[in-house]
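The sequence shown begins at 15 in the numbering used here and counts up one residue at a time. Quick reminder that beta carbons are idealized off the backbone N, C-alpha and C, glycines included. Reviewing the structure listed below.
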Amino acid sequence: MKHLGKDFFAQDACTAAQQLVGKWICRRIDDKVFKFQITETECYIGNGDTACHASKGKTARTSVMWKQGGVCYVYLCYGMHNMLNFITGREGEPEGVLIRGVTGATGPGRATKTMQIDKSFYGESLLDKGRIWVEDDGKEYAFTADKRVGIGYASKEDQDRLWRFILKTDKT
Numbered sequence: 015m016k017h018l019g020k021d022f023f024a025q026d027a028c029t030a031a032q033q034l035v036g037k038w039i040c041r042r043i044d045d046k047v048f049k050f051q052i053t054e055t056e057c058y059i060g061n062g063d064t065a066c067h068a069s070k071g072k073t074a075r076t077s078v079m080w081k082q083g084g085v086c087y088v089y090l091c092y093g094m095h096n097m098l099n100f101i102t103g104r105e106g107e108p109e110g111v112l113i114r115g116v117t118g119a120t121g122p123g124r125a126t127k128t129m130q131i132d133k134s135f136y137g138e139s140l141l142d143k144g145r146i147w148v149e150d151d152g153k154e155y156a157f158t159a160d161k162r163v164g165i166g167y168a169s170k171e172d173q174d175r176l177w178r179f180i181l182k183t184d185k186t
């Protein structure tokens, strides 16, 4: 398996979100590495995307989004669910990919619980093999595109974008 590096995360969020479907999140816990296949992603594109946290400007919570791609953005949703995002693109242009599901865990809150991801991962690098990184097994995976979920606060145009990508299985 190939470790995804700086060049992969330098891509725009929509390209990266599609290419991340089927890739493997590697999570080091103590001395063991656990691997979780990504089954669902959503992309968020900077200031012009009203569904993106960056659309309201840089804050202490969102500042990591302005970094060079290849770091984690983790935030707490509804006061109880950690959400894992991978920052993509160039420094100063906030974009990211929400990890909505991994094998065995549908939904971003369940995915982070399964992978034992919490807010301590905020700003964590994906470029080294520390506590978290992403690998490619070299296979091509089919996916479907659909509307993003849980963004009722966004403009109608942004709600209607087909920016959620779901791994196709034999059942879909």
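Neighbourhood of residue i by C-beta distance below 6 Å, restricted to the same chain and skipping five residues each side
i    : result
Q82  : E105
F23  : G83, G84 and T102
K37  : I52, V148 and D150
T186 : With a pLDDT of 49 at T186, under the threshold of 50, the modelled position of this residue cannot be trusted; read the value that follows with caution. Closer than 6 Å at Cβ, skipping near neighbours: no residue.
Same chain only: Cβ atoms within 8 Å of residue i, ignoring 5 sequence neighbours per side
i    : result
W80  : A68, K72, E105, G106, E107 and P108
Y167 : T64 and A65
V35  : I52, T53, E54, T55, Y155, F157, F179, I180 and L181
L18  : K37, L140, W147, V148, E149 and D150
Cβ-based neighbour list, residue i, same chain, cut-off 7 Å, excluding 5 preceding and 5 following
i    : result
D169 : What sits at residue 169 in the sequence shown is Ser, not Asp. Cβ neighbours of S169 beyond the five flanking positions: T64.
T183 : none
G110 : A27, Y58, M79, Y87, N99, F100, I101 and T102
Q33  : none
K133 : V88, L90 and N96
Inter-residue CB distance, residue i and residue j (contact presumed, cutoff 8 Å)
i    : j    : result
G118 : T128 : 6 Å
E54  : R162 : That pair is no contact at about 11 Å.
Whether residue i touches residue j by CB criterion (8 Å)
i    : j    : result
K16  : G152 : yes
I189 : G84  : Here the chain has residues from 15 to 186 only, and residue 189 is not among them.
I59  : A30  : no
L176 : Y155 : no
C86  : F135 : yes
V148 : I43  : no
R75  : Q130 : no
D172 : I165 : yes
Residue-level contact to chain B via CB, residue i, 8 Å cutoff
i    : result
A168 : Although the question refers to chain B, the structure presented lacks it and comprises just one protein chain.
*At least three beta-carbon pairs within less than 8 Å, the region 82-101 to the region 42-52*: No, the region 82-101 is not in contact with the region 42-52.
*Sequence ranges, alpha helix (DSSP H) only - wholly within the region 96-151, length at least 4*: With a minimum length of 4 residues, the unbroken runs of alpha helix (DSSP H) contained wholly in the region 96-151 fall at 122-129.
*Enumerated in chain order, which unbroken segments of the alpha helix (DSSP H) with a length of 4 residues or greater are wholly contained in the region 26-69?*
List check, alpha helix (DSSP H) in window: 27-34.
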